[in-house]
Amino acid sequence: MYSYVLRCCKKTNDWKKAEAIWTKMQEENVVPRERTVRLLADILKSNGQKVPFQVPETWYELEDSSQQDKASQQDTGSDLQRSLLELCKSGNAKEAMDMLCQAGDEPGLSAVVYDNVIRALLTARLIEDA
């Protein structure tokens, strides 16, 4: 219910009412969804107001920051990863699977590699291997 009222506040650009709604939510001990908190933060920021709470990061913001962190750590597995992805794209799913099994638990491999190998195996109708 609060998210709908906040949407109206956003449309009318009424940050004071949005702030009053936030206060009311706190008084009633309502735990808002992340989307509602981000909406309220957006209303306050767009009107030049201070956001009185911590705004939760979205999954794609977390993914971007984690990918940047991993990029510096994945130099060791990047050649293997690149080779595996190229094999999957070229339709050599069985070779990619064999190479992945030989690599074992290589520390630099991301979930994307495993996902692509599984998809390539399923495309090649190698369900048992997938």
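Quick note: the sequence shown uses the numbering used here, first residue 1092, plus one each step.
Glycine included, each C-beta is placed from N, C-alpha and C at the ideal position.
All values derive from a computational prediction rather than experimental measurement.
Nearest to K1101 by alpha-carbon distance, out of M1190, I1134, G1139, is I1134. Setting aside the 5 residues that flank it on each side, R1124 is surrounded in the same chain by S1094, each with a C-beta closer than 8 Å to its C-beta; the list follows chain order. Of all alpha-carbon atoms in I1112, C1179, Q1140, the one lying nearest the alpha-carbon of D1206 is that of C1179. The Cβ atoms of L1097 and L1130 lie closer than 7 Å to each other.
Under the DSSP assignment, M1188 falls in the alpha helix (DSSP H) whose first and last residues are 1184-1194. Going by C-alpha positions, K1115 is about 16 Å away from A1132.
At a Cβ-Cβ threshold of 7 Å, A1187 and V1208 count as neighbours. Going by beta carbons, Q1140 and W1106 fall inside the 7 Å limit. Non-local beta-carbon contacts of P1147 in its own chain, meaning distances under 8 Å to residues more than five positions away in sequence, involve E1125, V1128, R1129 in chain order.
Going by DSSP, S1137 is part of the alpha helix (DSSP H) stretching over 1125-1137.
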